[in-house]
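**Student:**
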Amino acid sequence: MAKNLLIVESPAKAKTINKYLGKDFTVLASYGHVRDLVPKEGAVDPDHGFAMRYETIEKNEKHVDAIAKAAKAADHLYLATDPDREGEAISWHIAEILKERNLLKDKSLQRVVFTEITPRAIKEAMQQPRAIASDLVDAQQARRALDYLVGFNLSPVLWRKIKAGLSAGRVQSPALRMIVEREEEIEAFIAREYWTIEAECAHPSQAFTSKLVKLDGKKFEQFTITDGTTAEAARLRIQQAAAGALHVTDVASKERKRRPAPPFTTSTLQQEAARKLGFTTRKTMQVAQKLYEGIALGDEGTVGLISYMRTDSVNLSQDALAEIRDVIARDFGTASLPDQPNAYQTKSKNAQEAHEAVRPTSALRTPAHVARFLTDDERRLYELIWKRAVACQMIPATLNTVTVDLSAGSEHAFRASGTTVVVPGFLAVYEEGKDNKAKEDEDEGRKLPVMKLGDRVPLDRIHADQHFTQPPPRYTEAALVKALEEYGIGRPSTYAAIIQTLLGKQYAVLEGRAFKPTDIGRAVGKFLSSHFAKYVDYDFTANLEDELDAVSRGEEEWVPLMEKFWGPFKTLVDDKKATLDKADAGSVRVLGGDPVSGRPVSARIGRFGPLVQIGTVEDEEKPRFASLKPGQSIYSITLDEALKLFEMPRKLGVDGNGEEVSVGIGRFGPFAKRGSTYASLKKEDDPYTIDLERAVFLVEEKEEIARNRVIKEWPGHDVQVLNGRFGPYISDGKLNGKIPKDREPSSLSLEETLKLLEETGKPARKGFGAKKAVAKKAAVKKAPAEKVAKKTAVKKAATKKPATKKVAAKKAARPFSGDIEPAKPLLTAAKVEPGKKRVVKKPSPEDAPF
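Residue numbering for the sequence shown follows the working numbering, starting at 20 and increasing by one per position.
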């Protein structure tokens, strides 16, 4: 065992660095975080200085043990986790674990930091070791404690008022507010009609289009004409005045410079990769991580191609600048090189975590040079980073804009503009993508014919066009990241996690490339804005981020910061809990009255999600419920649309055997039912229009599958030979095994089946295997649905295990919404059967990971 132990975060990085350091070093990976707060109340104790209780993350215990074993035999320990706040905290946690195990006695332990995985960077880092930066650790601990306290105290409030399994994160909640408020802006938007008038000019050397800027002697503005009749009358007046030609009244030419964009930070890389490559923020970071950790480049060996990708700095090292300038001079000529390197100022108040912008570790490794060693995604992202870094050190582009004014008689005028590139400068390499093109760039690339004062330009035609103002666009990932950065909410390294949480919790969905809040997301957003406005306020969140940054710089103590936050927050949470039942949910919308019963019809969030309801719990008659159709929202559904949903279940008639067939909508979508057999409708089937013949076909298809599900079974044994989607296989309900291709499944003996299961068995996915086959078989026998449902419910209750934090993220217990809803898993419009309310154990709340 080597006497020097170096610990990094990822195994890929460990493998690369091990080659650089040689046999005197053992390099091990922590596989990310090694400890986290215990996932239950009391993990952060505000009454004792916010003391934090940690435990080793279960999946990383073996890696921690390997580190401990190696540390015992080593003389010198180096902590080389990532060069940011999270990496500093991981180093601290590893040191604490080794200290608790009494493994640091008479050993040196030092922190080393490198922002690129290259032999030179590793060598330099090893020559400049330091102690763990306690200020960075304190800042990270404060963030973690804040996220925990918000999650564990605010989430239960959401469970009681909206739906179980919800979470409210310190940073995710303001981000959700942005998405929800934008959706409300869109819904409240009232489109305005306006008309534009353009002239198609038939210049002898080149046709071009000009826009009306003066009408009847007055400036023509967006809403000067707002109807077709007025527009047509104006068009005819202009056409008559022009008499077949326009006259040039002014020609202006203006040159301007456009500077290149700075090198990438984390957020600008995420934005540009979204715009130009269509990457999600998560994908961008995953691909960038691979480029940073190292790529095998043939004879060169494994080399990190980019510097550390979690940074908010736009600085470049002197070595990097020198190399980039050499590449510019070599490939684009010295005329493209400014006299001095271009300098950029960061917008962040705390841009020190990773020291440099995201850049290639060597500009000499052009995209063409390394392309054959990269996957397509890696190649595209590396090319983006390389081009941006090179372009940022080139001269500005020189653009020339020509504007021509043309008259139609004395009362009307048109204008045409064109912009050409005089000196390309950095544009020869890279141009920054834009969500909305700037006004001065609209005519870029358009060249007008040469014209001079007094020229007569033949007129082809004049046309008027109708337009309507557009609502503000929904946030794309790039736009959301940009907005979060501008408001100072979160930090670049957290944006991917914020977005992933919003999507994972189904608070928002992506329609195309834009975020649309779900009904659950809107309910949560509206509730928090109404009752916890301070804590989803953009300025409050940004100011708290600034204070945490001050902790990382050693300018502020973390415990007083926590005390300042905790007191008012806890008081508000306790007050809301005490008055919760009297508070307005933010998720109930009354649509009107039911014309049949006269009872109120409302749209709301129920225990299974969005639904519509007839009646209230105060009524003598129980409320009726119906699920929404895909695409419907409780915030926009009309009374008529809601009442139509109560047509479910629909009775379609009786089949040839005299059995009734119906169709309904359940928790898992629309279904057809005959007896005790339920068959899901296909995507092309509409439950509101499907006929009897089609429904019978689907039911019989389901029964046929169930009949042929079991190929062979043995009484007294769980193991079965089954037909599956991908062919025959064996299963005992826990393991699924393969059948050799040359064996007839029905000819297998019990002994052969058990042996094959032992040799090839893999854990069965929940809901697959022998138990599922038995359940389907029972369904064919048409056991009463009530007995089957009751038996299943009892079995699930008996085998349910306490939910861990990880499980809680995927499966949340059903909440009690204040109304009695159907106990059966199928949400239909049927009346609720009388019975006791179920007591549901609450899940552990999830605090956001940022």
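Quick reminder that beta carbons are idealized off the backbone N, C-alpha and C, glycines included.
(1) Residues in the same chain with beta-carbon distance under 6 angstroms from LYS884, minus the five sequence neighbours each way, listed in chain order, please.
(2) Can you list, in chain order, the residues of its chain whose CB lies under 7 angstroms from that of GLY780, leaving out five sequence neighbours each side?
(3) Does the pairing of the stretch 186-203 with the stretch 501-521 give three or more beta-carbon distances under 8 angstroms?
(4) Please classify THR818: is it buried, with 16 or more other beta-carbons within 10 angstroms of its beta-carbon, or exposed?
(5) Please name the residue, chosen from TYR401, GLU219, LEU664, ARG475, that lies closest to PRO295 on a Cα-to-Cα basis.
(6) Please classify GLU74 as buried or exposed, where buried requires at least 16 other C-beta atoms within 10 Å of its C-beta.
(7) Using beta-carbon positions only, say whether CYS220 and VAL476 come within less than 7 angstroms of one another.
(8) Measuring only the C-alpha atoms, how far is LYS547 from SER192?
(9) For the beta strand (DSSP E) holding GLY683, just list the boundary residues, first then last.
(10) Please name the residue in ARG693, GLY625, PHE588 whose C-alpha comes closest to that of GLY184.
(11) Considering only the alpha carbon of each residue, which of LEU567, PHE551, ILE539, GLU28 lies closest to LEU630?
(12) When the Cα atoms are used, what is the spatial distance from GLU763 to ILE749?
(13) Is it the case that the Cβ atoms of ALA698 and LEU717 are separated by a distance below 7 angstroms?
(14) Report buried or exposed for VAL132, applying the criterion of at least 16 other Cβ atoms within 10 angstroms of its Cβ.
(15) Quick one: what does DSSP say TYR213 is sitting in, helix, strand or coil?
(16) How many angstroms separate the CA atom of TYR113 from the CA atom of GLU77?
(17) For SER29 and HIS82, which I take to be in contact (beta-carbon distance under 8 angstroms), what is that distance rounded to the nearest angstrom?
(18) Is the stretch 258-271 close to the stretch 512-521, with three or more CB pairs under 8 angstroms?
(19) Whose C-alpha, out of VAL156, THR560, LYS553, LEU658, is nearest the C-alpha of LEU889?
(20) In this structure, how does DSSP classify ARG54 when only helix, strand and coil are distinguished?
(21) What residue does the alpha helix (DSSP H) around ILE198 start on, and which one ends it?
(22) Looking only at DSSP bridge pairs, what is LEU478 linked to?
(23) Would you check if there are 3 or more beta carbon pairs closer than 8 angstroms linking the stretch 438-447 to the stretch 413-422?
(24) Rounding to the nearest angstrom, what Cα-Cα distance links GLU204 and PRO58 in this structure?
(25) Check whether the Cβ atoms of THR35 and THR321 sit closer than 7 angstroms, and answer yes or no.
(26) Helix, strand or coil, according to DSSP, for ARG344 in the structure here?
(27) Just mark HIS482 as buried or exposed, buried being the case when its beta carbon has 16 or more other beta carbons within 10 Å.
(28) Measure the alpha-carbon distance for THR245 versus LYS663 and round it to whole angstroms.
(29) Check for me: the beta strand (DSSP E) holding ILE730 runs from which residue to which?
(30) Since ASP479 and THR268 should fall inside the 8 angstroms C-beta cutoff, what is the C-beta to C-beta distance between them, to a whole number of angstroms?
(31) Going along the chain, which residues of its own chain have a beta-carbon closer than 8 angstroms to the beta-carbon of GLU566, five neighbours each way excluded?
(32) Are there 16 or more other CB atoms within 10 angstroms of the CB of PHE687, so buried, or fewer, so exposed?
(33) My output table needs one value for ILE314: the three-state DSSP class, helix, strand or coil.
(34) Going straight from the alpha carbon of TYR554 to that of TYR526, what length do you get?
(35) So, is the C-beta of ASP638 closer than 7 angstroms to a C-beta in chain B?
(36) When you compare each of GLU777, LEU335, ARG713, VAL738 to PRO282 by their alpha carbons, which one comes out closest?
**Tutor:** Let me spell this out:
(1) The requested residue 884 does not occur in the structure, where the chain is confined to residues 20 to 869.
(2) LEU754, ASN755, GLY756
(3) yes
(4) Since pLDDT at THR818 reaches only 41, below the 50 mark, its modelled position is unreliable, and no value is offered.
(5) Inspection of the sequence shows that residue 295 is occupied by Lys rather than by Pro. Ranking TYR401, GLU219, LEU664, ARG475 by Cα distance to LYS295 puts TYR401 first.
(6) exposed
(7) yes
(8) Reading off the sequence shown, one finds Leu at residue 547, where the question assumed Lys. Roughly 8 angstroms between the two C-alpha positions.
(9) 679-685
(10) GLY625
(11) ILE539
(12) 12 angstroms
(13) yes
(14) buried
(15) strand
(16) Reading off the sequence shown, one finds Ile at residue 113, where the question assumed Tyr. One C-alpha to the other measures close to 15 angstroms.
(17) At roughly 11 angstroms, the Cβ-Cβ gap does not stay under 8 angstroms, so SER29 and HIS82 are not in contact.
(18) no
(19) Residue 889 is absent from the structure shown; the chain starts at 20 and stops at 869.
(20) strand
(21) 191-207
(22) CYS220
(23) yes
(24) 38 angstroms
(25) yes
(26) helix
(27) exposed
(28) 38 angstroms
(29) 729-732
(30) So it is not a contact: roughly 19 angstroms between Cβ atoms.
(31) GLU575, LEU580
(32) exposed
(33) strand
(34) 18 angstroms
(35) Judged by its chain identifiers, the structure shown contains no chain B, having just a single protein chain.
(36) LEU335
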